[in-house]
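As they're listed, the protein sequences go chains W and U.
Just so you know, this note's numbering puts 176 at position 176 of the first sequence, and the rest follows in order with no gaps.
Just so you know, this note's numbering puts 53 at position 53 of the second sequence, and the rest follows in order with no gaps.
Glycine residues also receive a C-beta, built at the ideal position from the N, C-alpha and C atoms.
The model shown is predicted, which means the values in this text are computed figures rather than measured ones.
For reference, the structure discussed in these notes is given below.
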Amino acid sequence: MNILIKSARIIDPKDSKFHQTTQDILIENGLIKEIATAIEAKKDWTIIEKENLHISRGWFDSSVSLGEPGYEDRETIENGLNVAARSGFTAVAVNPNTHPILDTNADISFVKSRAFNKAVDLYPIGALTVKSEGKDLAELFDMKNAGAIAFGDYQRSISNPNLLKIALQYVQSFDGLVFSFPQEDQIAGKGVVNEEVNATFLGLKGIPALAEELQIARDLFILEYTGGKLHIPTISTAKSVSLIREAKAKGLDVSCSVAIHNLLLSDNVLKEFNTHCKVLPPLRTENDLQALRKGLEDGTIDIVTSDHNPIDVERKNVEFDYALDGTIGLESAFGALNSIVDTELAVSLLTGGQERFGIASPGIGVGEKANLSLFNPDIEYEFSEDDIFSASKNSAFLGRQLKGKAYGIIANDQLILND
Amino acid sequence: MSQLSVDHLLGIKYLKAEDIELIFETADHFKEVINRPIKKVPSLRDITIANLFFENSTRTKLSFELAEKRLSADVINFSASQSSVKKGETLVDTVNNILSMKVDMVVMRHPNPGAGVFLSRHIDASIINAGDGAHEHPTQALLDSYSIRERLGEVGGKKVVIVGDILHSRVALSNIFALKLLGAQVKVCGPKTLLPKYINSLGVEVETDLRKALEWCDVANMLRVQNERMDISYFPSTREYTQQFGVNKTLLDALDKEIVIMHPGPINRGVEITSDVADSKQAIILNQVENGVAIRMAVIYLLASKIKK
């Protein structure tokens, strides 16, 4: 297939000589053939011409939950990857929170096989412990051989510190990356939202910031002792940012991510008991939001993620305490992020995660594999159900103003556009 | 003002001060009614009310039912133990099934904060929140303020301390909102483990010394320790709790004024309040119960008058 992209503004802050230039790009059989200010179209070529078209390296999301296997009514792998593509993502890491939990070579192989030949690359995260029960290590090496890129129990904390110690030591022989969800469960108790003014006002049980910070402090102590590679997914408090900043300054091999909704929405949005805003970690305060954004700018936070988590309406349209945690986020990811940071930083954050997971990220140059995200960074709109492609519609961003929208992707010699 | 600004009573936080004044004035009238030989008025003969109790209640349920019957409304009762909730039916489906039988108003108690707010988005009937988790219990707060007004003339400017388990209490939260709205000063008093960390953001002061709190206040509202809502021990023993936060005659006699003692019930005699205090003239606990019927009649009457038939 030959694709000619017309007049695209290239955003490639990493190292492209075409960064911030407007070019035509010719793609032939999945490879970039030519980049020039004007390329003449030939018959039978697919021409892409879009308003205010921008392109960048393909975006990566490090935390996506798809329902398959087990919760296909929430989302299937096929549709989930299509959602990712239409939202501008060329690669996603999927969480093991399926049914059954992805904790064996066979589970990882199954998920990989369901993504075979798709435009979007799927990278499974294997469960760290058997059934994610937090007791015994799963067969991590075996899962790595099947394609698992990291190991974690999604939003289940590792309550036993010795287990984390052993995990961090064990994975070193095969350079494994361990996830530790930042929540001390005893302190979090039965909390459902951030413990602060709004929780008090609404009579909802709170999860103190302390629950997150205590766990991170513990994990960093353990990491200092064991060595190895630790990733702390979805941090949400100001002090968490400082803890990780200090650890990085010390030279520890730690990375962390933040969920985009934790960057944009504070617990002020809970006023009407909106279950779409019931997420884990919970939405925190404005002060936390500012500290997290600072963490993005100074590089303390390595990765942003949509923490995409489709939940069926039956488990969201219920009393607040009974609603499951989670929001979908792929569709709103770019528009939300791009409305709080400039487009260059947004692109850097969406393309910066691959390295940590050892995933190749082809550049924008002649001869490179075409792995591109297409988008318009300037369009402003109210995010509505029409913008949702997911099977589940549980978005915390419904009704909110966003800036920027993906047109789609070109990856694995496939073109997927969202119109 | 002759009408409430709201269509439901979901919490005090959704009311204006004028709403409360209107409820009080209406309650004055109904209080006179319930002290007549014939305690009943025909006001709501065309209204059907469903009392939905998804959590146990004795006094609140009785008080509502009596208020409804004295207004001549038709009443149906439903409680979770005999319901289809246990068969997996959702709250919205359960309530809509009942509403299909042409019910105009729902009085609901529910263990989850925000259950009333959630329901109000999905059903087409007037809702009165009779307690939702640790969120609100608005009629209790209204009857408490009404009882203070009755005893002391007004609520504005009065000093009220709420003592005990604030953390698990919807009564505390609704009381704080109502008292602040009416211009009272409010302190909360209890062990730090039973006070929400951010409670002062609601404009109340925290006092952990009961003696000082009593010296400061005009009214002490003693709350029950809600052991049934606690997953761990928030204090070592009831005995030790009483030593620090129980009101007794000696404490009250040492004050240079006579303060008003309130309690939303049920009382744990000898724990948060001794018998001699509970039964003293200072205590208005039974007045609160009586006023509860008048207040609930007022709320039901005012909300019913907004229902378009």
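Helix, strand or coil at E28(W) according to DSSP, with G and I counted as helix
strand
Compare the Cα-Cα distances from I359(W) to each of S7(W), N371(W), R400(W) and N97(W) and report the closest residue.
N371(W)
Taking the straight line between their C-alpha atoms, what separation do you get for V117(U) and I166(U)?
22 Å
Between the alpha carbons of V219(U) and L270(W), how many angstroms are there, rounded?
33 Å
Do you know whose CA, among G189(W), N117(W) and G88(W), lies nearest M230(U)'s CA?
G189(W)
Check I77(W) in the structure and name its three-state DSSP category.
helix
Counterpart residues of R45(U) in DSSP-defined beta bridges:
None; R45(U) has no bridge partner.
Which same chain residues, not among the five before or five after F64(U), have their C-beta less than 7 Å away from its C-beta?
N51, V107, A130 and R296
For chain W, check one thing: does any of its Cβ atoms lie closer than 8 Å to the Cβ of Y198(U)?
yes
Under 7 Å from any heavy atom of the ligand FMN, does the C-beta of P196(U) make it?
You won't find the ligand FMN in this model; it holds no ligand whatsoever.
Where do the ends of the beta strand (DSSP E) carrying H261(W) lie?
From DSSP, H261(W) is part of no beta strand (DSSP E) but of the alpha helix (DSSP H) over I260 to L264.
Just reading off the alpha helix (DSSP H) that V33(U) is part of, what are its end residues?
A17 to V33
Determine the burial state of V366(W): buried for a count of at least 16 other Cβ atoms within 10 Å of its Cβ, exposed for fewer.
exposed
Using C-beta distances below 7 Å, list every residue in its chain close to N287(W), excluding the 5 sequence neighbours before and after it, in chain order.
A238
Under 7 Å from the C-beta of D413(W): neighbouring residues of chain U
Within chain U, no residue comes near D413(W); the closest Cβ sits about 47 Å away, beyond 7 Å.
Starting from the beta carbon of V197(W), find every residue of chain U whose beta carbon is closer than 7 Å, and list them in chain order.
Y198 and S201
Tell me the DSSP secondary structure of N274(W) in three-state form.
coil
Going by DSSP, what residue range makes up the beta strand (DSSP E) through R109(U)?
M105 to H110
DSSP on V424(W), reduced to helix/strand/coil?
Residue coverage of chain W in this structure runs from 1 to 419, which leaves residue 424(W) outside it and unanswerable.
Stretch pair the segment 330-338 of chain W + the segment 397-409 of chain W: three plus CB contacts closer than 8 Å:
yes
With 16 other CB atoms within 10 Å as the buried threshold, where does R45(U) fall?
exposed
Nearest chain W C-beta to L194(U) closer than 8 Å, yes or no?
no
Taking buried to mean at least 16 other C-beta atoms within 10 Å of its own C-beta, is I55(W) buried or exposed?
buried
Where P124(W) falls: helix, strand or coil (DSSP)
strand
Checking contacts by CB at 8 Å: is T90(U) closer than that to chain W?
yes
Kindly indicate if chain W contains any beta-carbon less than 8 Å away from that of P138(U).
no
Contacting positions in the segment 210-233 of chain U - beta carbon closer than 9 Å to chain W:
D231 and I232
Can a CB atom of chain W be found closer than 8 Å to the CB of H135(U)?
yes
Just curious, the alpha helix (DSSP H) that W216(U) is in, first and last residue?
L210 to W216
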